[in-house]
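To keep things clear, I will list the structure first and then write my remarks on it.
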Amino acid sequence: MPRVLLIEDDAAVRHGVSLALRRRGHEVAAAASGEEGLTTLPAFRPDIVLLDLMLPGKDGFEVCRRIRADRQLPIIMLTARGDDLDVVLGLEAGADDYIVKPARGEVLEARIRAVLRRTAPPALDDGGAPEPGPVPVEAHGELIVDRAGLVVAKNGQDLALAPSEMKLLLFLSAAPGQVFSRQQLLEHVWEHSYHGDARLVDACVMRLRTKIEDTPRSPKYVQTVRGFGYRFGPL
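Position one of the sequence shown corresponds to residue 0 (numbering that gives the first Met the number 0), numbered consecutively onward.
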């Protein structure tokens, strides 16, 4: 089961979330502050981080940026409010998803599994060979996309993409020129379209463009089709 690092200053929430996840078989390390969480991270080596936004000292936004500086670890924000600027700022800082507190254990579990599936390796058949499919390494202009290895490079340099950024790029680049609505991208990339939350898509597109585009304001890879959504190219 995935190892979870929970960074949450509210003792009751910290206890409740930890208990819910441990009952589902997760190994959980809980930290009461951003500083404690960052200290715990290297030794615990979690598979995913659940991060409260409103922390004393280093807040969740700063902790998220610090983690993203050298790790592409999946991050889910925990927030008491789901309709304000904090969510957007957290997504822009590098979070992959968010959950509004209080959240039931089954919701936490579903979101954790959805985020981790975004960068799961290709499925194997019973003989241990990769499933038949498209050639895993593709060239799109200066971008090289290795689908099997989950590696994206530009001009020979590997790019550090967060899980949601990687999944979004893989999905769009699999159908160059095809336009996808935000709702379609939520369904295929975030796997919870019932939220109808375009902020997840827009923030991820913005972060992805800063990493793959020469000029993010004039993108050639991830393009906006006004009134419809996004597409990859045509280059």
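All C-beta atoms in this analysis are idealised placements derived from N, C-alpha and C, irrespective of residue type, glycine included.
Nonlocal neighbours in the same chain, by C-beta distance under 6 Å from residue i, ignoring five residues either side
{"i": "R67", "result": "G93"}
{"i": "V178", "result": "V224, F227, G228 and R230"}
{"i": "Q222", "result": "R230"}
{"i": "E141", "result": "K153 and N154"}
{"i": "R2", "result": "E26, P45 and D46"}
{"i": "E7", "result": "R13 and D51"}
{"i": "H187", "result": "F170"}
7 Å CB neighbourhood of residue i in its chain, flanking five on each side removed
{"i": "R110", "result": "I75, D96 and I98"}
{"i": "L158", "result": "V151, A152, K210 and I211"}
{"i": "G127", "result": "Bear in mind that a pLDDT of 46 at G127, under 50, signals an unreliable position, so the number given afterwards is only what the model happens to contain. None."}
{"i": "D125", "result": "Any reading at D125 must be qualified, since the residue scores a pLDDT of 48, below 50, and its modelled position is unreliable; the value itself is stated next. Nothing meets the Cβ criterion."}
{"i": "G24", "result": "M0"}
Member of the options whose CA lies at the smallest distance from the CA of residue i
{"i": "E26", "options": "E186, D9 and L4", "result": "L4"}
{"i": "S47", "options": "E186, A28, A202 and M205", "result": "In the sequence on display, residue 47 carries Ile and not Ser. Out of E186, A28, A202 and M205, A28 has the C-alpha closest to the C-alpha of I47."}
{"i": "P45", "options": "Q71, C203 and G155", "result": "Q71"}
{"i": "L13", "options": "Q156, L49 and R208", "result": "Sequence inspection shows Arg at residue 13; the Leu mentioned does not correspond to that position. Considering only alpha carbons, the answer is L49."}
{"i": "R103", "options": "D9, I143, L199 and L18", "result": "L18"}
{"i": "L77", "options": "R65, G59, L84 and S32", "result": "G59"}
{"i": "P73", "options": "M165, P218 and R216", "result": "M165"}
{"i": "E35", "options": "R21, G24 and L54", "result": "L54"}
{"i": "R206", "options": "A113, L107, P162 and L84", "result": "P162"}
{"i": "L199", "options": "R23, L84, D69 and L20", "result": "L84"}
{"i": "L184", "options": "L167, L52 and G176", "result": "L167"}
{"i": "K57", "options": "P41, A30, D69 and A42", "result": "A30"}
{"i": "A138", "options": "L107, R181, Y220 and P101", "result": "Y220"}
Residues near residue i by beta carbon distance below 8 Å, same chain, minus five either side
{"i": "A11", "result": "none"}
{"i": "A202", "result": "V87, L90 and E91"}
{"i": "T214", "result": "none"}
{"i": "R80", "result": "V86 and V99"}
Strand pairing of residue i, partner residues [DSSP]
{"i": "T78", "result": "V99"}
{"i": "D145", "result": "V136 and V150"}
{"i": "L5", "result": "A29 and L49"}
{"i": "F231", "result": "V221"}
May I ask you to verify whether the region 164-183 touches the region 226-233, counting CB pairs closer than 8 Å and requiring at least 3?
-> yes
At which residue ranges does the region 145-229 contain complete alpha helix (DSSP H) runs of 4 or more residues, listed in the order of the chain?
-> 162-172, 181-184 and 197-211
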